[in-house]
Amino acid sequence: NAGVTQTPKFRVLKTGQSMTLLCAQDMNHEYMYWYRQDPGMGLRLIHYSVGEGTTAKGEVPDGYNVSRLKKQNFLLGLESAAPSQTSVYFCASRYDRMDGYTFGSGTRLTVV
Amino acid sequence: GDSVTQMEGPVTLSEEAFLTINCTYTATGYPSLFWYVQYPGEGLQLLLKATKADDKGSNKGFEATYRKETTSFHLEKGSVQVSDSAVYFCALSDRRGGSEKLVFGKGTKLTVNP
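Taken in sequence, the protein lines are chains A and B.
1 is the number of the first residue of the first sequence in the numbering used here; add one for each residue after it.
1001 is the number of the first residue of the second sequence in the numbering used here; add one for each residue after it.
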């Protein structure tokens, strides 16, 4: 049982490049989330999804886009990377609103 | 809106000391409460949870009791180990409030010295 899998684990981008982070879960969870974690800032919600085909903005959505075409996958896109997007990105999922999250192991992104 | 306030760190203890990390919450409905732990370089892992008043969650020697009267969910461990060094996050999920996401505290960094 893999849980929540994030790819890639590490990435270095140049300013202006684009990339997609993939989150995959095998637990049949409805809800999926993308967070970023910066030193001293705790977790900040970027975007989330309450089911296949749905997405919603979180606290810090600017500069990011997401898609949930399949229930098990939640993609986070950076169209034009900026140094301010250097961070550790975590994906999480849960079955319903009573449940806690299961987190992935994170993607460490550096934008130079 | 819903919120979680946990004690700011960092907290530094010696091995075998008693640990308390305070967490209080504000919620409009009847939340479920969680403690997550994040070891260095890793993602967050669920440590324990409680879903109703007076429930006690426990795991790996850690405990927390859901206190509705004081709106608290303090994390405790009787004897910490060096391996407990991590960041601890308190969180809530408000079932009645229709919240679609967990609300997290800012995290408390614990360092345990041998």
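Note that beta-carbon positions come from the ideal geometry of N, C-alpha and C, so glycine has one too.
Contact set for residue i: own chain, Cβ-Cβ below 7 Å, skip 5 residues either direction
{"i": "Pro1010(B)", "result": "Lys1109, Thr1111"}
{"i": "Leu78(A)", "result": "Ser18, Met19, Gly63, Tyr64, Gln85"}
{"i": "Glu30(A)", "result": "Val50, Gly51, Tyr95, Asp96"}
Alpha carbon of residue i to alpha carbon of residue j, nearest angstrom
{"i": "Gly1107(B)", "j": "Lys14(A)", "result": "31 Å"}
{"i": "Val1087(B)", "j": "Gly40(A)", "result": "11 Å"}
{"i": "Lys57(A)", "j": "Arg44(A)", "result": "11 Å"}
{"i": "Tyr1039(B)", "j": "Gly16(A)", "result": "32 Å"}
{"i": "Thr55(A)", "j": "Lys1101(B)", "result": "13 Å"}
{"i": "Trp34(A)", "j": "Phe10(A)", "result": "16 Å"}
{"i": "Thr1005(B)", "j": "Phe74(A)", "result": "30 Å"}
{"i": "Val1080(B)", "j": "Ser67(A)", "result": "42 Å"}
{"i": "Met27(A)", "j": "Leu1092(B)", "result": "21 Å"}
Residue span of the beta strand (DSSP E) that contains residue i, given as start and end
{"i": "Tyr31(A)", "result": "31 to 38"}
{"i": "Ser1031(B)", "result": "It is Pro, not Ser, that sits at residue 1031(B) in the sequence shown. First-last of the beta strand (DSSP E) with Pro1031(B): 1031 to 1038."}
{"i": "Lys1109(B)", "result": "1108 to 1113"}
{"i": "Glu59(A)", "result": "Looking at the DSSP string, Glu59(A) is not in any beta strand (DSSP E), and its letter there is neither H nor E."}
{"i": "Ser87(A)", "result": "87 to 94"}
{"i": "Ser1058(B)", "result": "1056 to 1059"}
{"i": "Ser1093(B)", "result": "1086 to 1094"}
{"i": "Gly77(A)", "result": "73 to 78"}
{"i": "Ala1064(B)", "result": "1062 to 1065"}
{"i": "Thr1028(B)", "result": "Run containing Thr1028(B): none; DSSP gives neither H nor E here."}
Assigned exposure category for residue i - 16 Cβ within 10 Å defines buried
{"i": "Pro1031(B)", "result": "buried"}
{"i": "Phe90(A)", "result": "buried"}
{"i": "Val1082(B)", "result": "exposed"}
{"i": "Leu1075(B)", "result": "buried"}
{"i": "Val1037(B)", "result": "buried"}
Same chain, Cβ closer than 8 Å to residue i, neighbours up to 5 away in sequence not counted
{"i": "Glu1008(B)", "result": "Lys1106, Thr1108"}
{"i": "Gly60(A)", "result": "The identity of residue 60(A) in the sequence shown is Val, whereas the question assumes Gly. Closer than 8 Å at the Cβ level, and outside the excluded window around Val60(A), lie Arg36, Arg44, Leu45, Ile46."}
Proximal residues to residue i (C-beta, below 6 Å), its chain only, five neighbours per side dropped
{"i": "Thr102(A)", "result": "Gly3, Val4, Ser93"}
{"i": "Lys71(A)", "result": "Glu52"}
Chain A contacts made by the region 1031 to 1061 of chain B, where a contact means CB separation under 9 Å
When C-beta distances to chain A are compared with 9 Å, the residues of the region 1031 to 1061 of chain B below that value are Ser1032, Phe1034, Tyr1036, Gln1038, Gly1041, Glu1042, Gly1043, Leu1044, Gln1045, Leu1046, Lys1049, Thr1051, in chain order.
Please list the residues of the region 93 to 112 of chain A that have a C-beta atom closer than 7 Å to any C-beta atom in chain B, keeping them in chain order.
So the close ones are Arg97, Met98, Gly100, Tyr101, Phe103, Gly104, Ser105, Gly106.
So if I threshold CB-CB distances at 8 Å, which residues from the region 42 to 54 of chain A count as touching chain B?
The residues in question are Gly42, Leu43, Leu45, Tyr48, Val50.
For the region 1099 to 1111 of chain B, enumerate the residues whose C-beta is nearer than 9 Å to any C-beta of chain A, in chain order.
Of all residues in the region 1099 to 1111 of chain B, Ser1099, Glu1100, Lys1101, Leu1102, Phe1104, Gly1105, Lys1106, Gly1107 have a Cβ within less than 9 Å of some Cβ in chain A.
Compile a chain-ordered list of the residues in the region 1071 to 1088 of chain B whose CB is closer than 8 Å to at least one CB of chain A.
Residues passing the 8 Å Cβ filter: none.
Contact residues within the region 8 to 38 of chain A, judged by C-beta distance below 8 Å to chain B:
So the list reads Tyr31, Tyr33, given in the order they occur along the chain.
Note down, in chain order, all residues in the region 1005 to 1025 of chain B with a beta-carbon under 8 Å from any beta-carbon belonging to chain A.
Considering only beta carbons, no part of the region 1005 to 1025 of chain B lies closer than 8 Å to chain A.
Taking a cut of 7 Å between CB atoms, which residues from the region 61 to 90 of chain A lie near chain B?
Cβ contacts with chain B come from Phe90.
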